[in-house]
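K.L.:
Residue numbers for the sequence shown follow our numbering, beginning at 1 and rising by one.
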Amino acid sequence: MIAGVKDSLAYFTRHFGPYQHRIVRIVEFPRFSRSAGFAESFPNTVPFNEAIGFTAKVDDGDPKDVDYPYFVTAHEVAHQWWAHQVVPSDQQGATMLVESLAQYSALLVMEQMYGRDQVRRFLKYELDRYLRARGGEVV
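1) Which residue spans inside the segment 39–103 form an unbroken beta strand (DSSP E) run of at least 3?
2) Is I23 closer than 8 Å to V46 when the C-beta atoms are compared?
3) Applying the criterion that 16 or more other CB atoms from any shown protein chain within 10 Å of the CB defines a buried residue, is Q91 buried or exposed?
4) Tell me whether the beta-carbon of A51 lies closer than 8 Å to the beta-carbon of W82.
5) Looking only at its chain, what residues have a beta carbon closer than 7 Å to the beta carbon of F122, apart from the 5 residues adjacent to it on each side?
6) Between the Cα of Q20 and those of G53, G135 and V86, spot the shortest distance and give me the residue it belongs to.
7) Compare the Cα-Cα distances from Q118 to each of A133, V98 and D60 and report the closest residue.
8) Give me the residue from A78, A3 and E40 with the minimum Cα distance to H15.
9) Based on the DSSP output, what are the partners of I26 in its beta bridges?
10) Whole angstroms are fine: how far does the CA of Q80 sit from the CA of V98?
11) Can you look up R14 in the DSSP assignment and give me helix, strand or coil?
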């Protein structure tokens, strides 16, 4: 998570402009406090559910394991630009815009750190997770 913050700040500052704060904080909240498995971004602070960060099990020795805490950190730091510096108008699609830009930006940071193969594995993991969830929806 620390590497995710450092790499993201360096990449986004270089490509999108300076970070607008002096610090960035990651704060943990417990798995049971709200629906588990999410993080969000506020100006200079990223609340992070312990389930997808602090207690996540990532095997650095397994090339097939995806470092999702790194990616989630990069995504939330990206919101320091997309949603906190560049704010869309209050229109339909505004959330899609900032989420897409943050997602794309985080993928660029992940690619720089881990390479395209890891990004492909991550995208496959995300697609499979999405399709499994959709398969269980009740209409």
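Virtual Cβ for every residue (Gly too), placed ideally from N, Cα, C.
P.N.:
According to the structure shown:
1) 45–49
2) In the sequence shown, counting from the first residue as 1, residue 46 sits at position 46. In the sequence shown, counting from the first residue as 1, residue 23 sits at position 23. Going by C-beta atoms, V46 is not nearer than 8 Å to I23.
3) Position 91 of the sequence shown holds residue 91. Classification for Q91: exposed.
4) Translated into positions along the sequence shown, residue 51 becomes position 51. Translated into positions along the sequence shown, residue 82 becomes position 82. For A51 and W82, no; Cβs fall outside 8 Å.
5) Locating residue 122 in the sequence shown gives position 122, where the first residue counts as 1. Closer than 7 Å at the Cβ level, and outside the excluded window around F122, lie V66, F71 and M110.
6) Taking the sequence shown and counting its residues from 1, one reaches residue 20 at position 20. For Q20, the nearest C-alpha among the options comes from V86.
7) Stepping through the sequence shown from its first residue, residue 118 is reached at position 118. Selected option, being the one with the closest Cα: D60.
8) Counting from one through the sequence shown, the residue named residue 15 turns up at place 15. H15 has its Cα closest to that of A78, out of A78, A3 and E40.
9) Against the sequence shown, residue 26 aligns to sequence position 26. In DSSP, I26 forms a bridge with V46.
10) Counting from 1 along the sequence shown, the entry for residue 98 is found at position 98. Counting from 1 along the sequence shown, the entry for residue 80 is found at position 80. Their Cα atoms are separated by approximately 10 Å.
11) As a working mapping, residue 14 is identified with position 14 in the sequence shown. Correct three-state label for R14: helix.
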